[in-house]
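Q: Structure in structure tokens, see below.
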Amino acid sequence: MSSSQTLTSPGGAPVGQGAHTAAARGRVLPFPITGQEIVLIVVIAALWVALAFSTPAFMTSGSIVPLLVAMAPVATIGIGMTVIIITGGIDVSVASIVMVCAVVVAKAMVDSGVSLPVAVLLSVVLGGLLGAINGVLIAYGRVHAIIITFGTANLFRFLGLQIFGGSTVNGIPNTLDVFGRGQAGRTLGIPHSFLIMLVLAALAWYYLRHTAGGRHLYAIGGDADAARLAGVKVQRRVMLAYVLTGLLTGLAACFVIAQGTSTLAPNVGNGMELAAIAAVVIGGTSIMGGRGSVLGTVLGALLVQTVTSGVTQLGWSSQLSSLFIGIFILIAVGADLLRQRARRTA
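Note that the working numbering numbers the sequence shown so that position 320 is 306, with each residue one more than the last.
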């Protein structure tokens, strides 16, 4: 590797050039929170205040707890999706992975009465295996991620429908209640699924921000060829990004089962890939790769779910939530394009 080659940090400066400053501050990035994340916090706070005045029931536990429970699986998938999009990829198969994991676990609980640890392990491992299929095909097949994951999304969905066998899964026991259904799924009123998601987000945030591996992921998204020349094992890291997303999607499938009833329908997981991608993009992760934050993704997921919940409680048409989320996505993408243009002309 040439001594003149450098990796680029998430903040945009060469890693070597900013090493002394980063070391002095005890972190890789210059700021722990971006301007877009601050804007998101302000927007979410404003929405919560507006909804509190418009529908007082919004600020009750009967409204906030379901909001957090519904947000948890989307944000959990979004953590992995953030890593993938940072590397310049995308995964539109996660909804189908949720379906496969959910139906396999539901049938295992109904037919074999598996315990909580076994159910979670089964779902997470299965999700990881499906994610590995995506990762191997994308990293070593050198085919664009949108093509591969669109193809596997249909294959996984077909597999899930075959396991469903044309009917719902009924009589699902309360094995996964600990993740959010009823009092068993809460501590101090906060859903366990939401707390687990926050822990995973904190770990991912630290990894991306403060480790060499995290910098390598940003470098791959910035310029994969330059990263390869600088010694980064691009294929391995890209594959692991999809495996990680599969593992997190398997866990999210458990959260989805826990927030439902004793019946699982074949439409489980529908639209979750769009919700996760929306959360990531609204959170400030560049769809072009090389820039993004897990904190932004969590805030994006919270904003998406706040809009969905608010529209429902106000009695408006559910189509309006799609309209508002679409507007937020366009604003986020537009802001990203302006930042990239400003960076190129600087």
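No residue lacks a Cβ here, since even glycine has one placed at the ideal position from N, Cα and C.
1. Candidates 18, 230, 157, 213: which alpha carbon is nearest residue 83's?
2. Quick one: Cα of residue 186 to Cα of residue 174, how far?
3. Run the CB neighbour count on residue 130, radius 10 Å, all protein chains shown included, and call it buried at 16 or more, exposed below.
4. Flag this pair as touching only if the segment 122 to 138 and the segment 216 to 227 have three or more C-beta atom pairs under 8 Å; answer yes or no.
5. If we call anything under 8 Å between Cβ atoms a contact, is residue 31 one with residue 179?
6. Which residue from 67, 148, 26 puts its Cα closest to that of residue 277?
7. By the three-class DSSP mapping on this structure, what secondary structure does residue 42 have?
8. Taking the alpha helix (DSSP H) that residue 302 belongs to, which residues open and close that run?
9. Residue 231 lies in the alpha helix (DSSP H); which residues open and close that run?
10. Spatial neighbours of residue 249 within its chain, please: C-beta separation below 6 Å, excluding the five flanking residues on both sides.
11. Can you give the Cα-Cα distance for residue 90 and residue 99, rounded to whole angstroms?
12. Could you tell me the distance, in whole angstroms, from the CA atom of residue 63 to the CA atom of residue 232?
13. From the DSSP output, in three-state form, read off residue 162 for me.
14. Find the nearest neighbour of residue 322 within the set 105, 107, 61, 269, judged by alpha-carbon distance.
15. Alpha carbons only, please: which of 247, 144, 329 is nearest the one belonging to residue 166?
16. Would you report the Cα separation of residue 184 and residue 138, rounded to the nearest angstrom?
17. Determine the direct distance from the alpha carbon of residue 79 to that of residue 262, and round the result to whole angstroms.
18. Is the beta carbon of residue 239 less than 8 Å from the beta carbon of residue 121?
19. Under the DSSP definition of a beta bridge, which residues are partnered with residue 176?
20. Who pairs with residue 250 in a beta bridge, going by DSSP?
21. Any chance you could list the alpha helix (DSSP H) runs of at least 4 consecutive residues sitting entirely within the segment 46 to 105, in chain order?
22. Quick check on DSSP: helix, strand or coil for residue 20?
23. Using DSSP with H/G/I as helix, E/B as strand and the rest coil, what is residue 211?
24. Taking residue 40 as the reference, give the member of 251, 326, 296, 304 with the closest Cα.
25. With distances taken from CA atoms, which of 61, 52, 72, 142 is nearest residue 85?
A: This is what the structure holds:
1. As a working mapping, residue 83 is identified with position 97 in the sequence shown. Considering only alpha carbons, the answer is 230.
2. Translated into the one-based positions of the sequence shown, residue 186 becomes position 200. Translated into the one-based positions of the sequence shown, residue 174 becomes position 188. Cα-Cα distance, rounded: 20 Å.
3. As a first step, residue 130 is located in the sequence shown; it is residue number 144 there, counting from the start. It counts as exposed.
4. yes
5. As a first step, residue 31 must be located in the sequence shown, where it is residue number 45. As a first step, residue 179 must be located in the sequence shown, where it is residue number 193. The Cβ atoms of residue 31 and residue 179 lie no closer than 8 Å to each other.
6. Here residue 277 is taken as the residue at index 291 of the sequence shown, counted from 1. Checking every option, the nearest Cα to that of residue 277 belongs to 67.
7. Taking the sequence shown and counting its residues from 1, the one referred to as residue 42 is at position 56. In the structure shown, residue 42 sits in a helix (DSSP, three-state: H, G or I).
8. Numbered from its first residue, the sequence shown carries residue 302 at position 316. Neither: residue 302 is in no alpha helix (DSSP H) and is coded neither H nor E.
9. Residue 231 sits at position 245 when you count from the first residue of the sequence shown. Here the alpha helix (DSSP H) through residue 231 covers 220 to 244.
10. Position 263 of the sequence shown holds residue 249. Around residue 249: 154, 156.
11. Against the sequence shown, residue 90 aligns to sequence position 104. Against the sequence shown, residue 99 aligns to sequence position 113. Roughly 12 Å between the two C-alpha positions.
12. Along the sequence shown, read from residue 1 onward, the residue named residue 63 stands at position 77. Along the sequence shown, read from residue 1 onward, the residue named residue 232 stands at position 246. Their backbone Cα atoms lie some 8 Å apart in a straight line.
13. As a working mapping, residue 162 is identified with position 176 in the sequence shown. DSSP places residue 162 in coil when its eight states are reduced to three.
14. If you number the sequence shown from 1, residue 322 lands on position 336. Among 105, 107, 61, 269, the Cα nearest to that of residue 322 belongs to 269.
15. Your numbering for residue 166 matches position 180 in the sequence shown. The shortest Cα separation from residue 166 among 247, 144, 329 belongs to 247.
16. Sequence index remark: in the sequence shown, residue 184 carries index 198 (1-based). Sequence index remark: in the sequence shown, residue 138 carries index 152 (1-based). Straight-line Cα distance between these residues: approximately 29 Å.
17. By one-based count along the sequence shown, residue 262 stands at place 276. By one-based count along the sequence shown, residue 79 stands at place 93. Roughly 11 Å between the two C-alpha positions.
18. Against the sequence shown, residue 239 aligns to sequence position 253. Against the sequence shown, residue 121 aligns to sequence position 135. No, the Cβ-Cβ distance between residue 239 and residue 121 is not below 8 Å.
19. Here residue 176 refers to the residue found at position 190 of the sequence shown. Per DSSP, 173.
20. Along the sequence shown, read from residue 1 onward, the residue named residue 250 stands at position 264. Beta-bridge analysis with DSSP links residue 250 to 155.
21. 47 to 72, 80 to 98
22. For this step, residue 20 is matched to residue 34 along the sequence shown. In the structure shown, residue 20 sits in coil (DSSP, three-state: anything other than H, G, I, E or B).
23. Here residue 211 is taken as the residue at index 225 of the sequence shown, counted from 1. Helix.
24. Start at 1 with the first residue of the sequence shown, and residue 40 comes out as number 54. It is 296.
25. For the purposes of this step, residue 85 is identified with residue 99 of the sequence shown, where counting begins at 1. That would be 142, whose Cα lies nearest to the Cα of residue 85.
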